[in-house]
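Visitor: Residue numbers (this note's numbering), protein chains in the order written: chain A, 17 to 130; chain B, -9 to 105. Don't be surprised by glycine CBs; every beta carbon is placed ideally from N, CA and C. What follows is a structure written as structure tokens; I'll ask about it next.
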Amino acid sequence: KAGVTQTPRYLIKTRGQQVTLSCSPISGHRSVSWYQQTPGQGLQFLFEYFSETQRNKGNFPGRFSGRQFSNSRSEMNVSTLELGDSALYLCASRARGGAPETQYFGPGTRLLVL
Amino acid sequence: AQKVTQAQTEISVVEKEDVTLDCVYETRDTTYYLFWYKQPPSGELVFLIRRNSFDEQNEISGRYSWNFQKSTSSFNFTITASQVVDSAVYFCALRTIYNFNKFYFGSGTKLNVKP
């Protein structure tokens, strides 16, 4: 079974631009979560989607948004990029979104904002 | 409130040494799940183990072992006879049944294994 895939793997943008990151979960998984990882803040939860609905959201500004499609693929969008948005963005999936389920992570997208 | 603390920011050992990574968690929930992940330089978090709060049995998988103690709210990870390939950042994480859509991660411990 293929793992979680994320595209693109690397991205360079300039301040003020917007960016869209894509995540394809493990086949059959319906829950997708997004995390931002920076050296200073560590791993921070952005949001989780389940069956096309956002179930929970972390403490990020409204510039960060996401969506999930009927095939469980998810996209994350960041508008009006700031230098501080430079980070590794990780996507994770689990089967039905239940508490005991293991979350499997993708390789991440490294975003650099200049 | 839920919280995971990994007090060791960075550990350096020489190959073949044993090393223990500490994880202390906080939660008032009686049902919860603890996880360990490994993050090599490539960036992807690799799942290592999951434990539920009702199972305090220690687990061994090859050179890896985990010691779960509810009395001290700790879930420590030991690597026996460390190898250079074990060099990575290791994260401990907590999820509770009442907030099951959120993962609480520790800040991670960077392990350097030198040849």
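(1) Arg110 of chain A lies in the beta strand (DSSP E); which residues open and close that run?
(2) On a Cα-Cα basis, can you pick out the residue from B:Phe67, B:Thr20, B:Lys(-7) and B:Asn48 that is closest to Leu136 of chain A?
(3) Taking the C-alpha atoms as reference points, what is the distance between Asp8 of chain B and Asn102 of chain B?
(4) Does any C-beta atom of chain B lie closer than 7 Å to the C-beta of Phe80 of chain A?
(5) Can you give the beta carbon distance from Ser95 of chain A to Ser47 of chain A, rounded, assuming they're within the 8 Å contact cut?
(6) Between the segment 14 to 27 of chain B and chain A, which residues of the former have CB atoms less than 9 Å from a CB of the latter, in chain order?
(7) Is Leu11 of chain B close to chain A? Criterion is C-beta to C-beta, closer than 7 Å.
(8) Relative to the C-alpha of Ile87 of chain B, which candidate in B:Val3, B:Leu38, B:Asp12 and B:Thr21 has its C-alpha closest?
(9) If I follow the unbroken beta strand (DSSP E) through Asn87 of chain A, where does it start and stop?
(10) Since I believe Thr68 of chain B is in contact with Thr10 of chain B (beta carbons under 8 Å), could you give me their beta-carbon distance rounded to a whole number of angstroms?
(11) According to the Cβ coordinates, are Leu62 of chain A and Leu127 of chain A closer than 7 Å?
(12) In terms of residue numbering, what span does the beta strand (DSSP E) encompassing Val14 of chain B cover?
(13) According to DSSP, what are the bridge partners of Glu64 of chain A?
(14) Could you check which residue in B:Arg41, B:Gln(-4), B:Lys60 and B:Pro31 has the C-alpha nearest to that of Arg18 of chain B?
Guide: Quick answer:
(1) Ala103 to Arg110
(2) Not covered by the structure: residue 136 of chain A. The range shown for chain A is 17 to 130.
(3) 12 Å
(4) So, not an interface residue.
(5) In fact, because the Cβ distance is near 25 Å, the residues do not count as touching under 8 Å.
(6) Thr21, Tyr22, Tyr23, Phe25 and Tyr27
(7) no
(8) B:Thr21
(9) Counting along the chain, Asn87 of chain A falls outside any beta strand (DSSP E), and DSSP gives it neither H nor E.
(10) Taking C-beta atoms under 8 Å as the contact rule, Thr10 of chain B and Thr68 of chain B qualify, at a distance of about 5 Å.
(11) no
(12) Unbroken beta strand (DSSP E) run through Val14 of chain B: Val14 to Glu16.
(13) A:Ser49 and A:Asn72
(14) Among B:Arg41, B:Gln(-4), B:Lys60 and B:Pro31, the Cα nearest to that of Arg18 of chain B is on B:Lys60.
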